[in-house]
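Chemist: Below: one structure in structure tokens.
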Amino acid sequence: MTSHLPTGWTIEQIRALSHDRSATPLSLDRLVVVEGPGRSDYTTLQPEVILGFHDLCLVLHAGEWYMGQLDTDGSVACWSSYGPDLAEAIRGL
2 MTSHLPTGWT IEQIRALSHD RSATPLSLDR LVVVEGPGRS DYTTLQPEVI LGFHDLCLVL
62 HAGEWYMGQL DTDGSVACWS SYGPDLAEAI RGL
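Right under this line is the structure:
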């Protein structure tokens with residue numbers, strides 16, 4: 002399943018704000034997890050949107066944007082929630 006853009010956003014707006022002309026929505030058909038700091042376990046997310054910025058990703062799950070890294074196998078390992086505001090999450094890239 003292909004990821005859609007967040008409601009009210011265009012890819013051009015996302016690229017302009019991120020200063021990344023290659024930013025793109027990514028397929029939702031991948032493992033996405035949040036790793037707990039200092040812990041070996043993780044929580045699996047059910048993403049609604051995944052936006053790729055080179056090897057970094059923003060993942061929308063339950064109204065929160067999570068920052069993560071795209072792995073070589075296509076999975077995403079997130080390390081933190083950047084809150085519900087996409088513009089703020091993009092600024093955190």
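The number in my numbering is simply the position in the sequence shown, starting from 1, with 1 added.
No residue lacks a Cβ here, since even glycine has one placed at the ideal position from N, Cα and C.
Here the structure is a predicted model, which means the values were calculated and not measured.
Just to confirm, is the Cβ distance from H5 to P26 under 8 Å?
Modeler: In this structure, P26 lies closer than 8 Å to H5 by Cβ.
Chemist: Taking the beta carbon of W80 as the centre, do at least 16 other beta carbons fall within 10 Å, making it buried, or is it exposed?
Modeler: Under this definition W80 is an exposed residue.
Chemist: Buried or exposed: which applies to A24, given that a residue is buried once 16 or more other Cβ atoms fall within 10 Å of its Cβ?
Modeler: Label assigned to A24: buried.
Chemist: Compare the beta carbon distance of G84 and V77 with 8 Å and say whether it is the shorter of the two.
Modeler: Cβ atoms of G84 and V77: not closer than 8 Å.
Chemist: What does the alpha-carbon distance come out to for the pair V50 and L61?
Modeler: When rounded, the distance between both Cα atoms is 5 Å.
Chemist: Based on the DSSP secondary-structure assignment, which residues constitute the bridge partners of I51?
Modeler: DSSP, once it has assigned bridges, lists V60 as partnering I51.
Chemist: Considering A88, what are the terminal residues of the alpha helix (DSSP H) in which it resides?
Modeler: Unbroken alpha helix (DSSP H) run through A88: L87 to R92.
Chemist: Who are the Cβ neighbours of S82 in its own chain at under 6 Å, not counting the five residues just before and after it?
Modeler: Within the same chain, S82 has close Cβ partners E65 and Y67.
Chemist: CA-CA distance, L94 and S19?
Modeler: Cα to Cα, the separation comes out at about 8 Å.
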